[in-house]
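**Student:** In my numbering, each residue carries its 1-based index in the sequence shown increased by 182. The C-beta atom is built at its ideal place from N, Cα and C for all residues, glycine as well.
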Amino acid sequence: MKTNKDVFILGIESSCDETAASICLNGKILSNIIASQAIHQQYGGVVPELASRAHMQNIVPVVDRALEEANITCSQLNGIAFTQSPGLIGALLVGTGFAKSMALSLNIPLIGVHHMQAHILSNLIENPEMKLPFLCLTVSGGHTQIVVCHSPLKMEVIGETIDDAAGEAFDKSAKLLGLPYPGGPLIDRYAKNGNPKAFDFPEPQIEGLNFSFSGVKTSILYFLQKKLKEDSTFIERNLDDLCASIQGCIVGILLKKLKKASLETGIRNICMAGGVSANSGLRNALLELGNKQHWKVHIPSFEYCTDNAAMIAITGYHKYMAGYRSDLSVTASARAEW
Ligand code: KG4
Ligand code: ZN
183 MKTNKDVFIL GIESSCDETA ASICLNGKIL SNIIASQAIH QQYGGVVPEL
233 ASRAHMQNIV PVVDRALEEA NITCSQLNGI AFTQSPGLIG ALLVGTGFAK
283 SMALSLNIPL IGVHHMQAHI LSNLIENPEM KLPFLCLTVS GGHTQIVVCH
333 SPLKMEVIGE TIDDAAGEAF DKSAKLLGLP YPGGPLIDRY AKNGNPKAFD
383 FPEPQIEGLN FSFSGVKTSI LYFLQKKLKE DSTFIERNLD DLCASIQGCI
433 VGILLKKLKK ASLETGIRNI CMAGGVSANS GLRNALLELG NKQHWKVHIP
483 SFEYCTDNAA MIAITGYHKY MAGYRSDLSV TASARAEW
């Protein structure tokens, strides 16, 4: 039952290839609906124009289902949060236009949300009492960052990739192995039966807390070209070991910098966010490292790791409570400053 103090927020996510909507009540998620776009698989990557069209088709039914599952009507909403940036501009504009029209027609506040900040706050969904500050390793298809979260609305990026993101490293390596897009989850699956020490791919030597993954991809490419010349069946005969070794290399790079960041900042509350945090090798390795380092580790459930609207709704809730409102003239942007 709604009291006068209850705050219902609708979150809308449309930055890439998932159309998603979620309702949260006072920071608690009541529904979390996602329509994934299978159409991109046949093209080996997300086709922006097709993504925008699919968002157009999906957004009304997805929002309707989110309201239905939360058992509320739109007249009960107190605000509408939407992904404003970063992402594919055509895809973002569908969610932005929809959120603006709905907020205008209901005469309720509109709240623009930064997609990467929302990934980080997904850690508060199942762990609202999370101790601050915490360090978050944010690993997705477009980003790889180490962020200090001082408060839900105050975050500081202390390290990031200088070239490819971790998700790209997974997807591009998978492509070299002949696996379909997105290859990250497939590498994860095959790696479960493989030996991570079977093949050795060199770690890049990057100073400070930044990352680099483009060299890893190139070394895998040259390694495979050499092996395939000797034996054209090399990949199929060694797929599990190749996946385990590639995954081990990427996980090693990520955790080495996270450990350095914890030592330098003295922060021992550690979180993860973004699609790559669904990787089982990374999840297990982080838990193991956390045990050794006496960290307090939180990793979101799978449904909150990859793109979802629950993270947009919870971020919207915190912004709403802090008095943040977007103007109706607000627009989406493909790139965004923190
Ligand atoms: O956060 P996300 O869903 O979308 C972006 O905002 O980019 O992340 C997508 C990325 C893709 O690169 C995908 O391959 C990767 O996350 N990913 C994984 C796994 N699940 C998703 N990578 C490795 N292992 C997984 N289990
Ligand atoms: Zn994302």
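Reducing DSSP to helix, strand and coil, say where asparagine 451 ends up.
**Tutor:** Residue mapping note: residue 451 aligns to position 269 of the sequence shown, counting from 1. Strand.
**Student:** Put valine 242 into one of helix, strand or coil per three-state DSSP.
**Tutor:** If you number the sequence shown from 1, residue 242 lands on position 60. Reduced to three states, the DSSP call for valine 242 is helix.
**Student:** Suppose you measure from the CA of proline 364 to the CA of lysine 187; what does that come to, to the nearest Å?
**Tutor:** In the sequence shown, counting from the first residue as 1, residue 364 sits at position 182. In the sequence shown, counting from the first residue as 1, residue 187 sits at position 5. Each residue's alpha carbon lies about 43 Å from the other.
**Student:** Run through DSSP, which three-state label would threonine 320 get?
**Tutor:** Against the sequence shown, residue 320 aligns to sequence position 138. In the three-state DSSP reduction, threonine 320 falls in the strand class (E or B).
**Student:** Alpha carbon to alpha carbon, what distance is there between alanine 518 and alanine 252?
**Tutor:** Position 70 of the sequence shown holds residue 252. Position 336 of the sequence shown holds residue 518. Distance between the alpha carbons of alanine 252 and alanine 518: 31 Å.
**Student:** In angstroms with no decimal places, state the Cα-to-Cα distance between glycine 294 and isoleucine 302.
**Tutor:** Here residue 294 is taken as the residue at index 112 of the sequence shown, counted from 1. Here residue 302 is taken as the residue at index 120 of the sequence shown, counted from 1. Computed Cα separation, rounded: 16 Å.
**Student:** Given a threshold of 16 other Cβ atoms within 10 Å of its Cβ, counted over all protein chains shown, does serine 283 qualify as buried or as exposed?
**Tutor:** Working through the sequence shown from its first residue, we reach residue 283 at position 101. Taking all protein chains in view, the Cβ of serine 283 is surrounded by fewer than 16 other Cβ atoms within 10 Å, so the residue is classified as exposed.
**Student:** In the DSSP assignment, find the unbroken beta strand (DSSP E) run with alanine 203 in it and report its ends.
**Tutor:** Position 21 of the sequence shown, counted from the start, is the residue given in the question as residue 203. DSSP places alanine 203 in the uninterrupted beta strand (DSSP E) bounded by 200 to 207.
**Student:** What's the C-alpha gap between leucine 212 and lysine 408?
**Tutor:** Counted from its first residue, the sequence shown places residue 212 at position 30. Counted from its first residue, the sequence shown places residue 408 at position 226. Taking the straight line from one Cα to the other gives about 53 Å.
**Student:** What is the DSSP secondary structure of leucine 292, counted as helix, strand or coil?
**Tutor:** Counting from one through the sequence shown, the residue named residue 292 turns up at place 110. Leucine 292 falls in the strand class under three-state DSSP.
**Student:** When you measure from the CB of glycine 456 to every non-hydrogen atom of the ligand ZN, does any distance come out below 7 Å?
**Tutor:** For the purposes of this step, residue 456 is identified with residue 274 of the sequence shown, where counting begins at 1. Yes.
**Student:** Quick test of your reading: glycine 323 and aspartate 353, contact by CB under 8 Å. State the CB separation rounded to the nearest angstrom.
**Tutor:** Your numbering for residue 323 matches position 141 in the sequence shown. Your numbering for residue 353 matches position 171 in the sequence shown. Confirmed, Cβ separation roughly 7 Å.
**Student:** For alanine 356, which three-state DSSP category applies?
**Tutor:** Working through the sequence shown from its first residue, we reach residue 356 at position 174. Helix at alanine 356.
**Student:** With DSSP run on the structure shown, which of helix, strand or coil describes glycine 463?
**Tutor:** Numbered from 1 along the sequence shown, position 281 holds the residue referred to as residue 463. Three-state result, glycine 463: helix.
**Student:** Measuring only from the beta carbon, is lysine 413 closer than 7 Å to any heavy atom that is part of the ligand ZN?
**Tutor:** Along the sequence shown, read from residue 1 onward, the residue named residue 413 stands at position 231. The residue you asked about is not lysine; residue 413 is aspartate in the sequence shown. Result no, Cβ not under 7 Å from the ligand ZN.
**Student:** Cβ atoms of proline 268 and alanine 516: under 8 Å apart, would you say?
**Tutor:** Here residue 516 refers to the residue found at position 334 when the sequence shown is read from its first residue. Here residue 268 refers to the residue found at position 86 when the sequence shown is read from its first residue. Taking 8 Å as the Cβ cut-off, alanine 516 and proline 268 qualify as a contacting pair.
**Student:** Once DSSP output is grouped into helix, strand and coil, what is the label at threonine 488?
**Tutor:** Taking the sequence shown and counting its residues from 1, one reaches residue 488 at position 306. Threonine 488 falls in the coil class under three-state DSSP.
**Student:** Let me know the secondary structure DSSP gives glutamine 475 once reduced to three states.
**Tutor:** Taking the sequence shown and counting its residues from 1, one reaches residue 475 at position 293. Here glutamine 475 sits in helix by DSSP.
**Student:** Tell me whether the beta-carbon of alanine 273 lies closer than 8 Å to the beta-carbon of asparagine 240.
**Tutor:** For the purposes of this step, residue 273 is taken as the residue at position 91 of the sequence shown. For the purposes of this step, residue 240 is taken as the residue at position 58 of the sequence shown. Not in contact: alanine 273 and asparagine 240 (Cβ atoms no closer than 8 Å).
**Student:** Tell me whether methionine 312 sits in a helix, a strand or coil according to DSSP, three-state version.
**Tutor:** Within the sequence shown, numbered from 1, the residue matching residue 312 stands at position 130. Correct three-state label for methionine 312: coil.
**Student:** Going by DSSP, what residue range makes up the alpha helix (DSSP H) through lysine 408?
**Tutor:** Counted from its first residue, the sequence shown places residue 408 at position 226. 396 to 412 is the span of the alpha helix (DSSP H), which, as asked, contains lysine 408.
**Student:** When the distance is taken between beta carbons, is phenylalanine 395 closer than 8 Å to glycine 341?
**Tutor:** Locating residue 341 in the sequence shown gives position 159, where the first residue counts as 1. Locating residue 395 in the sequence shown gives position 213, where the first residue counts as 1. No, Cβ-Cβ distance for glycine 341 and phenylalanine 395 is not below 8 Å.
**Student:** Quick one: does the C-beta of glycine 324 sit closer than 7 Å to a heavy atom of the ligand KG4?
**Tutor:** Translated into positions along the sequence shown, residue 324 becomes position 142. Yes, Cβ of glycine 324 sits closer than 7 Å to a heavy atom of the ligand KG4.
**Student:** Which class does asparagine 253 belong to by DSSP, given the choice of helix, strand or coil?
**Tutor:** What you label residue 253 is simply residue 71 of the sequence shown in a count that begins at 1. Asparagine 253: coil per DSSP, three-state reduction.
**Student:** Can you name the residues that DSSP bridges to glycine 193?
**Tutor:** Counting from one through the sequence shown, the residue named residue 193 turns up at place 11. Per DSSP, Ser204 and Ala263.
**Student:** So for valine 228, helix, strand or coil by DSSP?
**Tutor:** Reading the sequence shown from its first residue, position 46 is the one you call residue 228. Reduced to three states, the DSSP call for valine 228 is coil.
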